[in-house]
Amino acid sequence: MPGKLKVKIVAGRHLPVMDRASDLTDAFVEVKFGNTTFKTDVYLKSLNPQWNSEWFKFEVDDEDLQDEPLQITVLDHDTYSANDAIGKVYIDIDPLLYSEAATVISGWFPIYDTIHGIRGEINVVVKVDLFNDLNRFRQSSCGVKFFCTTSIPKCYRAVIIHGFVEELVVNEDPEYQWIDRIRTPRASNEARQRLISLMSGELQRKIGLKVLEMRGNAVVGYLQCFDLEGESGLVVRAIGTACTLDKLSSPAAFLPACSSPSKEMKEIPFNEDPNPNTHSSGPSTPLKNQTYSFSPSKSYSRQSSSSDTDLSLTPKTGMGSGSAGKEGGPFKALLRQQTQSALEQRGGSPHRFCRRREFPFFTLTAFPPGFLVHVGGVVSARSVKLLDRIHNPAFVGIMGNTRSYKLLDWNSFNSDEPETRDAWWAEIRQEIKSHAKALGCHAVVGYSESTSICEEVCILSASGTAAVLNPRFLQDGTMEGCLEQRLEENLPAGCGFCHIPYDELNMPFPAHLTYCYNCRKQKVPDVLFTTIDLPIDATVIGKGCLIQARLCRLKKKAQAEANATAISNLLPFMEYEVHTQLMNKLKLKGMNALFGLRIQITVGENMLMGLASATGVYLAALPTPGGIQIAGKTPNDGSYEQHISHMQKKINDTIAKNKELYEISPPDISEEIIGSPIPEPRQRSRLLRSQSESSDEVTELDLSHGKKDAFVLEIDDTDAMEDVHSLLTDVPPPSGFYSCNTEIMPGINNWTSEIQMFTSVRVIRLSSLNLTNQALNKNFNDLCENLLKSLYFKLRSMIPCCLCHVNFTVSLPEDELIQVTVTAVAITFDKNQALQTAKTHVEKSLQRASTDNEELLQFPLELCSDSLPSHPFPPAKEHLESASSNSGIPAAQRATSVDYSSFADRCSSWIELIKLKAQTIRRGSIKTTVTVEKASPMGEGNFRNRSTPPCANSTVGVVKMTPLSFIPGAKITKYLGIINMFFIRETTSLREEGGVSGFLHAFIAEVFAMVRAHVAALGGNAVVSYIMKQCVFMENPNKNQAQCLINVSGDAVVFVRESELEVVSTQQPTTNCPPSCAGGEVTT
Amino acid sequence: MTSELDIFVGNTTLIDEDVYRLWLDGYSVSDAVALRVRSGILEQTGATAAVLQSDTMDHYRTFHMLERLLHAPPKLLHQLIFQIPPSRQALLIERYYAFDEAFVREVLGKKLSKGTKKDLDDISTKTGITLKSCRRQFDNFKRVFKVVEEMRGSLVDNIQQHFLLSDRLARDYAAIVFFANNRFETGKKKLQYLSFGDFAYCAELMIQNWTLGAVGEAPTHPDSQVDDMDVDLDKEFLQDLKELKMLVADKDLLDLHKSLVCTALRGKLGVFSEMEANFKNLSRGLVNVAAKLTHNKDVRDLFVDLVEKFVEPCRSDHWPLSDVRLFLNQYSASVHSLDGFRHQALWDRYMGTLRGCLLRLYHD
């Protein structure tokens, strides 16, 4: 499909004065695409030139159309010397390449210069004619739609959700090329902008090809990131979820059961490696690692994570799920055999394992009803890598960490850099996959990847939520293989996803299980952590709130490997503390589940920062969280005792206050209402053990569940005291304010139409004198708290309102600088308006889901055991004894906890657990009660209120921006394409531009303006799923210089206010009504 | 821990009206924060002083960036950098161009030049308005003046079109421009009792009746092409005003005029005797003012003269305003009955405006 690109330059306005003598400008325009350049005439002596050019035509391959941006340069003509550049406009023409989106790009674009910022505007019209040419070997992927939105876009339905697509492209960073020493900063910046634009075009095309290969037509949840690795290059990488989408003609249409062609059970996705013995090639783990191995192993938890660098311990053996090296021992082999035979039993030979869908990951965070069957918990993996060795193949083998060398395939390191990075990510993903498996889940949802780079050290992180999905939506039924888990009886409304997917007796981590408080049928954990949005059908009590854990750790400055080692040694401690904090704060709020959890670990020269954000809610299906108890270590001292009890009182008060604030009133009454089929006497709060099982095991289990009720904080030193204090320092938002980091606030449904998206950036300088961990923590905590306070204050005119999708990003640009960037949207809501829920909607979907599930019941259940072998377990005794750890916590912390108890202790408990496990295996694993029950829809969900709010008379030309996938009070009628922009701004007159604040303030405002202009030119009036993925700020005040790089993306859409929609739809029945012309005012 | 950088950028630019006012009033950030603290905002919102400081800084930065655009308000409407709802844009512009009564009284009629700008220090101390605010107001006057000075057409329309001001504010600016252009003296001690509103009222009447624009299209003079229709007084008209001198120079005419007025007002005026006694003085004063207007210097003293020659004598005799009105009406109307006087139209053009002005100027 070659095409013809047509460009017309209409006019300019507000141009800067380029000729001091006349106070005017002689402007002309260069239009460049690929290697072809056209020029307009010079329009003499005007700041508002009218070129009205002919149509410039470029005949190009569609491959180029996808990769190349259209480059428009405005210049000032100078007869005697070189023409001066005024500025540039890059236009991504991708949105013109698929039929349903925009047909023309036309409007005023800000003329941007990397040194001077926006300098006037230019009016441009762009069109593309595509010719069909089906015979060609496809290198392009025109027609594949991309969405940043991490749910199925509003006016589409998902026919099939194919799964994970990823790609990365590497290049040299122009900033680090030799030529950069002689060229101007402007030339260097422009080279960089252009290169990144090209690379992201190429990346998108390549991902598109993969999607076409999978026979999909769209990528949803597309997330593209840049890694500025400095000397070693520039990486552009992207992940997404391939789907086949159908445009909805009528909004009510529902997803029909997918006709997945082959549902053979042979394909078992987790075993893509035909050779299950690879694990033996794993290194004989060094002793040091062995000791440490308890932490990553313990990590198979609710919050399963591993932050170590010993990825070698995760060989690509699917079944072994990576723990062979750690566990060793005969049991492992036994288990392996078992699972192996189980697989064979099921008719699939190991060689027929599905290789195609390597990673069953989904970048989506919200799903069609019925898609999500169970949620296991958060899985995450981190790995520390060294960047400096990339160019030297001889050293590549020991990249990252000496321990990981065996894993790396020497052949892949010949020269091609993407392979290196691919291998890194493949390791991480493999790790994630095995974690998910450990949780009895076959898929990971809400999946995301990130990096943190400091000098030559790079931390790669990935996280997601282990889940069991309904295969109906997945192509080829590749997922069923693992759907052997006890199949829920038809997903009870609003609680099905909470039910544990793993075997109760072979829990991957110790947790309190109780019968679901909603349906009374299935077991649920006492706390649930996830990275996804709250499912719309979930039953929530009260409102949610933003919960953050913040942490700093000093580290010594070091070079290369020593540095990497130091970091990897610190990581598990950090993760442990972050989880402890999260859990404490969650309990303090009286809540029992976290959604949208995002843990960011940032590496700096001399410290590590951890920031976890999530939205806490009270899920009706989960038990009431226990309180927090404080225990003192030295009980003799009277005043100390008094102090402790004082603290205890404060904590209890806070919990009570929070419960009131978030309207959490656990439904004690509900027990009578929801008649449980197996009437069991239930204590008010506490969990029920699996009585049905044999007693010997119960005792064993009891060991690990020693303290059921309270979460005990032991105050044995000042550190702990600090922790408790910091718990209490978090101030709740002022009344009328709520905040969350998910799409919508649980418990608020009546949004009104006013929205305000904003970005706030703060940088603080630490005084180097008092750099202790405590001081650092306090500074960081204050920074975040003050930032939030400022936001509440600034937005006070919007009360009552909710800050949604609050997204914190931390970076450490220099030694003593901490930068925090926040992007969020404030949405007003109506306090009084009656709640309206899309009850019927949920009901319907649930019913459908339940019928779909029946077909799954036929799968055999033997495979339960394969969730076991992977983990060594948190030693039961340690658990019991080290009171500072958390009997109440579902091992979240344990994820990376480093044992404080003695090694012997650990060993013994370890052995106990192995015993325990063996028993489980002997007993077989079928313990599922499969009952079919009519779903009783409890659709008290928080589906967005569809009632029409008073429509603020929307002014012409306004482009809304929001990080959410929707616009309250409005309906998205059309997706116009993805917006993905990268800008560099530099100044050599920092003081004159108002210092760093003035500089960055202006730049961010300019970035917003350019995004809006592009959307308006596409005919859109909003950007949804907007995200500022990068904001790299560097300053050199001594030289009066600063530089900033910003990368933003989102989906350009046309929306119609619901009040208007009614009018429109009566007039014309189709939904593709004309956009409420956004460009209207601007184009005149 | 010090904050190196602290910014907030909204997709819709946040404008805090209170902070905008403080900024316009020329307060420094720290003064503004102190004033906000005093307003009790901390108690209302539960915020801390640090939050207030950061918020104020942020707004100040935004205003600083907007200021460039406010200098040419149509730019504010078309720019793409700040997304601001139209109602807010109007508010920003209107407030930016608003001025203080005390300040405008100080510079009204003065040449808007560098020299005057240097005096802003004194004005600031005298009025208690911050120097920064004085500068803004002065620069606004000057900017508007520069843009519309050479422009043809209605002064108010021109100002509205180029500065997007409300009708009221545009009229005020028209008065300021008109006064600045004609350099009317307003600062004399005896004029201190007059408000800007008084002058603006007079300016409007004069623009409507005494300028070239007031005559309508087709200027009679060839050189009037270069003249500004609304800003400059109609020179020909001023020249003609000399003709009115006969009203006082001709003894018979003056007597006749007096008797006509006295007859008509007898019994209707509380201050009849005073009027009768003073008639000739007052009439001479009014007519002489007209006759002198050919000289630029006398034009400048117009208001001083009016106050000296008419307002003060009447006031010393305690004329009530109603009597002044009756007198002036009768005084101008009676001229029509003077057979020997041929410049009726000229008289009406002069006296119609002057009567309006005098009535406005006549107060304590």
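Order-wise, the sequence lines are chains A and B.
Reminder that position 343 of the first sequence reads as 343 in the working numbering, one-by-one numbering, no gaps.
Just so we're on the same page, the working numbering is the position in the second sequence counted from 1, plus 10000.
For glycine and all other residues, C-beta sits at the position ideal for the given N, C-alpha and C.
9 Å Cβ cutoff, residue 10052 of chain B in contact with chain A: Indexing the second sequence from 1 puts residue 10052 of chain B at position 52. Closer than 9 Å to some Cβ of chain A, the Cβ of residue 10052 of chain B qualifies, so yes.
For residue 1018 of chain A, I'd like the list of residues in its chain whose CB is within less than 7 Å of its CB, leaving aside the five on either flank, ordered along the chain. Here residue 1018 of chain A is taken as the residue at index 1018 of the first sequence, counted from 1. Contacts found: 95, 102, 105, 976, 977, 1052.
Closest residue to residue 1042 of chain A among A:987, A:1032, A:184, A:1008 (Cα-Cα distance): The residue given as residue 1042 of chain A occupies position 1042 in the first sequence. The shortest Cα separation from residue 1042 of chain A among A:987, A:1032, A:184, A:1008 belongs to A:987.
Is the Cβ of residue 90 of chain A closer than 9 Å to any Cβ of chain B? Residue 90 of chain A sits at position 90 when you count from the first residue of the first sequence. No, because no Cβ of chain B sits closer than 9 Å to the Cβ of residue 90 of chain A.
Say whether the region 10100 to 10108 of chain B touches the region 10129 to 10143 of chain B, bearing in mind that this needs 3 or more beta-carbon pairs closer than 8 Å, one atom from each stretch. yes
Can you name the residues that DSSP bridges to residue 1036 of chain A? As a position in the first sequence, residue 1036 of chain A is number 1036, starting the count at 1. Beta-bridge pairing links residue 1036 of chain A to A:1041.
Within the same chain, show all residues whose beta-carbon is closer than 6 Å to that of residue 10254 of chain B, passing over the 5 residues directly before and after it, in chain order. The residue given as residue 10254 of chain B occupies position 254 in the second sequence. These residues qualify, in order along the chain: 10248.
Can you list the residues of chain A that residue 10064 of chain B reaches, using a CB-CB cut of under 9 Å? For the purposes of this step, residue 10064 of chain B is taken as residue 64 along the second sequence, with counting starting at 1. By Cβ distance, chain A contributes 994, 998.
Label residue 227 of chain A either buried or exposed according to how many other C-beta atoms from any shown protein chain fall within 10 Å of its C-beta, with 16 as the threshold for buried. Numbered from its first residue, the first sequence carries residue 227 of chain A at position 227. With 16 or more other Cβ atoms within 10 Å, it is buried.
Please return the same chain residues whose Cβ sits closer than 6 Å to the Cβ of residue 42 of chain A, not counting the five positions on each side in sequence. Counting from one through the first sequence, the residue named residue 42 of chain A turns up at place 42. Closer than 6 Å at Cβ, skipping near neighbours: 26, 28, 77.
How about residue 10043 of chain B: is its Cβ closer than 8 Å to a heavy atom in the ligand FAD? Here there are no bound small molecules, and the ligand FAD is not part of this structure.
In chain order, what residues of the same chain have a beta carbon less than 6 Å from the beta carbon of residue 10261 of chain B, not counting five sequence neighbours either side? Residue 10261 of chain B sits at position 261 when you count from the first residue of the second sequence. Contacts found: 10330, 10331, 10334.
Under the rule that 16 or more other beta-carbon atoms within 10 Å means buried, what is residue 9952 of chain B, buried or exposed? Only positions 10001 to 10364 of chain B appear in the structure, and residue 9952 of chain B is not among them; the question remains open.
If contact means a Cβ-Cβ distance below 8 Å, which residues of the region 10071 to 10101 of chain B contact chain A? 10075, 10078, 10079, 10080, 10081, 10082, 10083, 10085, 10086
Do we get a CB-CB distance below 9 Å when we pair residue 10004 of chain B with the residues of chain D? Looking at the structure shown, chain D is missing, and the protein chains on hand are A and B.
Assuming residue 156 of chain A is part of the beta strand (DSSP E), what are its boundary residues? Locating residue 156 of chain A in the first sequence gives position 156, counting from the first residue. Note, residue 156 of chain A: beta strand (DSSP E), 156 to 171.
Find out if the Cβ-Cβ distance for the pair residue 10314 of chain B, residue 10282 of chain B is shorter than 9 Å. Numbered from its first residue, the second sequence carries residue 10314 of chain B at position 314. Numbered from its first residue, the second sequence carries residue 10282 of chain B at position 282. Against a cut-off of 9 Å, the Cβ pair of residue 10282 of chain B and residue 10314 of chain B comes out as a contact.
The beta strand (DSSP E) spanning residue 10043 of chain B covers which residue range? Taking the second sequence and counting its residues from 1, one reaches residue 10043 of chain B at position 43. Not the beta strand (DSSP E): residue 10043 of chain B falls in the alpha helix (DSSP H), residues 10041 to 10045.
Supposed contact pair residue 820 of chain A and residue 807 of chain A - C-beta distance, whole angstroms, cut 8 Å: To locate residue 807 of chain A, count along the first sequence from 1; it is residue 807. To locate residue 820 of chain A, count along the first sequence from 1; it is residue 820. With a Cβ gap of about 11 Å, residue 807 of chain A and residue 820 of chain A do not count as contacting.
Using a Cβ cut-off of 8 Å, pull out every chain A residue sitting near residue 10055 of chain B, in sequence order please. Taking the second sequence and counting its residues from 1, the one referred to as residue 10055 of chain B is at position 55. Near residue 10055 of chain B (Cβ distances below 8 Å), the residues of chain A are 790, 793, 794.
Note down the Cα distance separating residue 36 of chain A from residue 362 of chain A, rounded to an integer number of angstroms. The residue labelled residue 36 of chain A in the question sits at position 36 within the first sequence. The residue labelled residue 362 of chain A in the question sits at position 362 within the first sequence. Their Cα atoms are separated by approximately 40 Å.
Check the Cβ of residue 121 of chain A against every Cβ in chain B and list those closer than 9 Å, keeping chain order. One-based indexing of the first sequence puts residue 121 of chain A at position 121. By Cβ distance, chain B contributes 10078, 10079, 10080.
Residue 764 of chain A to residue 786 of chain A, Cα distance in whole Å? Working through the first sequence from its first residue, we reach residue 764 of chain A at position 764. Working through the first sequence from its first residue, we reach residue 786 of chain A at position 786. One C-alpha to the other measures close to 12 Å.
Residues bridged to residue 755 of chain A (per DSSP): In the first sequence, residue 755 of chain A corresponds to position 755, counting from 1. Paired residue(s): A:827.
According to DSSP, is residue 10167 of chain B helix, strand or coil? Residue 10167 of chain B sits at position 167 when you count from the first residue of the second sequence. The answer is helix: DSSP assigns residue 10167 of chain B an H, G or I state.
Which parts of the region 10294 to 10334 of chain B are runs of the alpha helix (DSSP H), unbroken and 4 residues or longer, counting only runs that do not cross its ends? 10296 to 10300, 10302 to 10306, 10312 to 10316, 10321 to 10334
Roughly how far, in whole angstroms, is the beta-carbon of residue 74 of chain A from the beta-carbon of residue 12 of chain A, given that I think they are within contact range, below 8 Å? Against the first sequence, residue 74 of chain A aligns to sequence position 74. Against the first sequence, residue 12 of chain A aligns to sequence position 12. With 8 Å as the limit, residue 74 of chain A and residue 12 of chain A qualify as a contact, their Cβ atoms being about 7 Å apart.
On the DSSP letters alone, give me the boundaries of the alpha helix (DSSP H) that residue 10274 of chain B sits inside. Here the question's residue 10274 of chain B lines up with position 274 in the second sequence. 10272 to 10292 is the extent of the alpha helix (DSSP H) around residue 10274 of chain B.
Pair every Cβ in the region 217 to 234 of chain A with every Cβ in the region 144 to 151 of chain A, then say whether three or more of these pairs are closer than 8 Å. yes
Considering only the beta carbon of each residue, do residue 246 of chain A and residue 192 of chain A sit closer than 9 Å? The residue you call residue 246 of chain A lines up with position 246 of the first sequence. The residue you call residue 192 of chain A lines up with position 192 of the first sequence. In this structure, residue 192 of chain A does not lie closer than 9 Å to residue 246 of chain A by Cβ.
Name the one or two DSSP bridge partners that residue 112 of chain A has. Residue mapping note: residue 112 of chain A aligns to position 112 of the first sequence, counting from 1. In DSSP, residue 112 of chain A forms a bridge with A:88, A:118.
So, is the C-beta of residue 10014 of chain B closer than 9 Å to a C-beta in chain A? Position 14 of the second sequence, counting from 1, holds the residue named residue 10014 of chain B. Yes, residue 10014 of chain B lies at the interface with chain A (some Cβ there is under 9 Å from its Cβ).
According to a CB-to-CB cut-off of less than 7 Å, which residues of the region 1008 to 1027 of chain A neighbour chain B? 1008, 1009, 1012, 1013
Could you tell me which of A:113, A:657, A:50, A:382 sits nearest to residue 599 of chain A, measuring between CA atoms? As a first step, residue 599 of chain A must be located in the first sequence, where it is residue number 599. Measuring from the Cα of residue 599 of chain A, the nearest candidate turns out to be A:382.
Is it the case that the Cβ atoms of residue 993 of chain A and residue 10080 of chain B are separated by a distance below 9 Å? Walking along the first sequence from the start, residue 993 of chain A turns up at place 993. Walking along the second sequence from the start, residue 10080 of chain B turns up at place 80. Cβ atoms of residue 993 of chain A and residue 10080 of chain B: not closer than 9 Å.
For residue 756 of chain A, go through chain B and note every residue whose CB falls closer than 9 Å to its CB, in chain order. Sequence index remark: in the first sequence, residue 756 of chain A carries index 756 (1-based). In chain order: 10010, 10011, 10012, 10014.
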